[in-house]
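Residue numbers (full-length UniProt numbering): 1 to 184.
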């Protein structure tokens, strides 16, 4: 069900979705490699889609932590709410740039991790710059922003914003993906 729902929505609005199929388990594992979720209180996911990465985050998330999942697509957000009933998860159908508002709403000042599937290559320069500034403002001083992309198109702009960026590559995804692990 989730695969076809994702594909249907991708065909309707590819620029918003950025892919035709959900992320692979291999990409989810690569994104979460080295992430110390047992210490996390608040994790944010941008672009929950049908929950491919969300489920991997939940498997590592401690029982006392909260996962705030942003999904702009109303149909996909409803699917996430229906299929992921974990009390640690809050699905938000809104733009990722509003992260600060939702952190406050759910009782947090900052996020420990922000894990993103947003198609940065489809965002205009000013929109991308605003999103990245909101990410930096919303992360704990030792927080980490993890982003995957299918090209290095946005890498230079991401590198300008973050002090340290580690680049990884996951071949076993369609298409293969680059993973940016960013530290403020």
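C-beta: ideal position from N, C-alpha, C; glycine also.
Note that the structure is a prediction, hence the values are computed from the model and not measured.
Own chain residues within Cβ distance below 8 Å of residue i, not counting five before or after
| i | result |
| --- | --- |
| residue 151 | 121 and 178 |
| residue 138 | 44, 99, 100, 103, 110, 111 and 114 |
| residue 54 | 45, 48, 67, 69, 80, 84 and 89 |
| residue 155 | 149, 165, 167, 178 and 180 |
Cut-off 6 Å between Cβ atoms - residues of its own chain near residue i, not counting five sequence neighbours on either side
| i | result |
| --- | --- |
| residue 46 | 70, 96, 116 and 118 |
| residue 62 | 38 |
| residue 134 | 97 and 99 |
Three-state secondary structure assigned by DSSP to residue i
| i | result |
| --- | --- |
| residue 38 | helix |
| residue 164 | strand |
| residue 49 | coil |
| residue 184 | coil |
| residue 134 | helix |
| residue 152 | coil |
| residue 83 | helix |
| residue 101 | helix |
| residue 140 | strand |
| residue 27 | helix |
| residue 33 | coil |
| residue 65 | coil |
| residue 75 | helix |
| residue 3 | With a pLDDT of only 49 at residue 3, under 50, the local geometry of the prediction cannot be trusted, and no value is derived from it. |
Supposed close pair residue i, residue j - CB separation, criterion 8 Å
| i | j | result |
| --- | --- | --- |
| residue 65 | residue 41 | 6 Å |
| residue 166 | residue 158 | Not quite, the Cβ-Cβ distance comes to about 11 Å (not below 8 Å), so this is no contact. |
| residue 86 | residue 128 | Not really, about 31 Å apart at Cβ, beyond 8 Å. |
Reference residue i, options the options, closest by Cα
| i | options | result |
| --- | --- | --- |
| residue 76 | 55, 51 and 67 | 51 |
| residue 38 | 29, 60 and 31 | 60 |
| residue 153 | 33, 163, 125 and 34 | 125 |
| residue 56 | 72, 171, 134 and 31 | 31 |
| residue 142 | 24, 133, 25 and 36 | 36 |
| residue 108 | 33, 140 and 74 | 140 |
| residue 94 | 34, 74 and 105 | 74 |
| residue 29 | 160, 162, 161 and 146 | 146 |
Cβ pair residue i, residue j closer than 8 Å
| i | j | result |
| --- | --- | --- |
| residue 183 | residue 144 | yes |
| residue 180 | residue 27 | no |
| residue 169 | residue 175 | no |
Proximal residues to residue i (C-beta, below 7 Å), its chain only, five neighbours per side dropped
| i | result |
| --- | --- |
| residue 131 | 96, 97 and 123 |
| residue 172 | 24 and 26 |
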